[in-house]
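Per this note's numbering, residue 109 is the first one in the sequence shown, and the count goes up by one each step.
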Amino acid sequence: MKSTLLVAPLGLLLASCASIPKPLQGEFTPTTPRQAVAGANGQPVRWGGEIIRVEPKAGSTCFEILSRELGSNARPLLRDPSGGRFIACHEGFQDPEEFKQGREITVTGRVTGVDHGKIGEFDYRYPHVEADAIHLWKPRTANLHSPYYDPWMYGVGPGWGWGYNPYWGPNWGGTIIIRDQPRPRPQPRPRPPRG
109 MKSTLLVAPL GLLLASCASI PKPLQGEFTP TTPRQAVAGA NGQPVRWGGE
159 IIRVEPKAGS TCFEILSREL GSNARPLLRD PSGGRFIACH EGFQDPEEFK
209 QGREITVTGR VTGVDHGKIG EFDYRYPHVE ADAIHLWKPR TANLHSPYYD
259 PWMYGVGPGW GWGYNPYWGP NWGGTIIIRD QPRPRPQPRP RPPRG
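Right, here's the structure in full:
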């Protein structure tokens, strides 16, 4: 009984860290880039978002990032509003073709100050992070469901089988996305030679 009481919390503790990539794990100050402009120098942070610009320099690469709230796996969430913008610089060269605009990134490091820049004509103050680790996330893929009925997948017929609920009607699953594609033009048939 005692061993069960010890194993259950230990399992929960290990499971809570399992989905965060190793370089991004640790204890960090819960502050946003917008709050850090007011003075968060030296604080360890884990921030992420969407890459706006990549600037390779002599000994490092700097990223301008539109901050997003992070999920439980430290990946930026796809919801608005943003927490502001920040600059993260990481030692070494990172290829701008790999770290393209619009890709999702998460960084860990310390806030070392504020950089001044412009967004259009607006003067903007960017919190500056000296990044210890950066993680470029794989692009998200769309979940496409076929709008066509497959009799072998759902059982006997429409409205019956595995997806049928007698109280609410058929349960066909998630959102259906239909891609409208133009029909190919008919190709002219070759004429037989006259002979």
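Even glycine gets a Cβ: it sits at the ideal position worked out from N, Cα and C. Every value quoted in this text rests on a predicted model; they were computed, and no experiment measured them.
CA-CA distance, L152 and I242? According to the sequence displayed, residue 152 carries Pro and not Leu. Going by the C-alpha atoms only, they are around 14 Å apart.
Applying the 10 Å Cβ sphere with the 16-neighbour rule, what's the burial state of S127? Flag for S127 reads exposed.
List the DSSP bridge partners of D240. The bridge partners DSSP lists for D240 come to none.
In three-state DSSP terms, what is A144? When DSSP states are grouped into helix, strand and coil, A144 belongs to the helix group.
Return yes when the Cβ of L244 is within less than 7 Å of the Cβ of I213, no when it is not. Yes, Cβ-Cβ distance for I213 and L244 is below 7 Å.
Going by DSSP, what residue range makes up the beta strand (DSSP E) through T214? Note, T214: beta strand (DSSP E), E212 to I227.
Quick one: residues in its chain with C-beta nearer than 7 Å to the C-beta of V145, no 5 flanking neighbours on either side, listed in chain order? For V145, where only same-chain residues beyond five positions count, the Cβ hits under 7 Å are V222, R233 and P235.
Same chain only: Cβ atoms within 7 Å of S175, ignoring 5 sequence neighbours per side: Excluding sequence neighbours, S175 sits near T140, P141, W155, G157, S190, G191, G192, R193 and F194.
Can you check which of these residues, A239, T216 and C197, is closest to E135 by C-alpha distance? Residue T216 holds the alpha-carbon nearest to the alpha-carbon of E135 among A239, T216 and C197.
Own chain partners of K226 with C-beta closer than 8 Å, once the 5 adjacent residues on each side are dropped: Once the five neighbours on either side are set aside, the close Cβ partners of K226 are Y232.
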